[in-house]
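This report refers to the structure that appears directly beneath it.
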Amino acid sequence: MTNDVIATDHPLTTSQQETLAALLDTLLPASDDGTMPSAQAVDLIGYLTEKNAEFIPVLVEAIGHFDDGFAGLSLSDRYPVVEAFSKAQAELFDELLFHTYDCYYQDDRVLEGIGMAAGPPFPTGNTIEAGDLSLLDPVMQTSRTYRKYDQ
Numbered sequence: 001m002t003n004d005v006i007a008t009d010h011p012l013t014t015s016q017q018e019t020l021a022a023l024l025d026t027l028l029p030a031s032d033d034g035t036m037p038s039a040q041a042v043d044l045i046g047y048l049t050e051k052n053a054e055f056i057p058v059l060v061e062a063i064g065h066f067d068d069g070f071a072g073l074s075l076s077d078r079y080p081v082v083e084a085f086s087k088a089q090a091e092l093f094d095e096l097l098f099h100t101y102d103c104y105y106q107d108d109r110v111l112e113g114i115g116m117a118a119g120p121p122f123p124t125g126n127t128i129e130a131g132d133l134s135l136l137d138p139v140m141q142t143s144r145t146y147r148k149y150d151q
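Structure follows, in structure tokens:
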């Protein structure tokens, strides 16, 4: 006997995935000229699985605040729904936004879109000569307002 259900490791149902895609597109829509992708184009679930899997149940909770018709709405109709959610569930929204931004601004397409080189900032390392304290000269020449202490 065969089973029509296909097993998957994806933590979201198809409906939840559609809602998440619409939500991410509302948070960070693609640029009109196509240089910047929408947040739905980056792999938030893959990022969370690798970096912060314990947030996935929180994400599922956040998605649960949107009804099944949310994904079918236009961007202009989704915006007030997301704005109401951001006010009613401010802490949950802030967490979602933080993880969305964190994932989004690590994507190579986004980095290139904002004029930065894709990849790590120092792919071959950042060599500093041992004992070369002259690099601290600009710091030492700065006013001491941020380093004040009682004597």
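Under my numbering, the first residue of the sequence shown carries the number 1, and numbering increases by one thereafter.
Just so it is clear, CB atoms sit at the ideal spot from N, CA and C, and this is done for glycine as well.
None of the values given here were measured: they were computed from a predicted structure.
Next on the checklist: Quick test of your reading: threonine 26 and arginine 109, contact by CB under 8 Å. State the CB separation rounded to the nearest angstrom.
Outcome noted: Not quite, the Cβ-Cβ distance comes to about 19 Å (not below 8 Å), so this is no contact.
Item to check | Pairwise C-alpha distance: glycine 64 and asparagine 3 | outcome: Model confidence at asparagine 3 stands at a pLDDT of 47, short of 50, so the residue's coordinates are unreliable; what they give is reported in the following sentence. In a straight line, the C-alpha of asparagine 3 is about 28 Å away from that of glycine 64.
Item to check | Closest by C-alpha distance to leucine 23, when choosing among Gly34, Ser86 and His10 | outcome: Ser86
Item to check | glutamate 129 in three-state terms, based on DSSP | outcome: coil
Checklist entry - Can you name, in chain order, every residue of its own chain whose Cβ lies under 6 Å from the Cβ of alanine 175, other than the five neighbours on each side? => result Past the boundaries of the shown model lies residue 175; the chain is included only from 1 to 151, so the question cannot be answered.
Item to check | Pick from Thr127, Ala84, Leu97 and Ser38 that is closest to leucine 48, judged by C-alpha positions | outcome: Leu97
Item to check | Any alpha helix (DSSP H) of 4 or more consecutive residues that is wholly inside the segment 17–74 | outcome: 44–51 and 56–63
Checklist entry - Three-state secondary structure (DSSP) at phenylalanine 98? => result helix
Next on the checklist: Less than 8 Å between the beta carbons of glycine 125 and threonine 35, yes or no?
Outcome noted: no
Next on the checklist: Quick check on methionine 1: buried or exposed, where buried means 16 or more other Cβ atoms within 10 Å of its Cβ?
Outcome noted: Residue confidence for methionine 1 is low, a pLDDT of 43 falling below 50, so the modelled location carries little weight and cannot support an answer.
Next on the checklist: With a threshold of 6 Å on Cβ separation, who are the neighbours of aspartate 107 within its own chain once the five nearest residues in sequence on each side are excluded?
Outcome noted: Val42
Checklist entry - Leaving out the 5 sequence neighbours to the left and right, which residues in its chain are closer than 7 Å to serine 70 when beta-carbon positions are compared? => result Looking at the sequence shown, residue 70 is not serine but phenylalanine. Only Thr19, Ala22, Arg78 and Val81 meet the Cβ criterion.
Checklist entry - Exposed or buried, alanine 39, counting other C-beta atoms within 10 Å across all chains shown (16 or more means buried)? => result buried
Item to check | histidine 99 classed as buried or exposed, judged by whether at least 16 other C-beta atoms fall within 10 angstroms | outcome: buried
Checklist entry - Which whole-angstrom value describes the C-beta separation of isoleucine 45 and leucine 75, a residue pair presumed to lie in contact below a C-beta threshold of 8 Å? => result The Cβ separation is near 22 Å, so there is no contact.
Item to check | Limits of the alpha helix (DSSP H) - the one that leucine 136 falls within | outcome: Run containing leucine 136: none; DSSP gives neither H nor E here.
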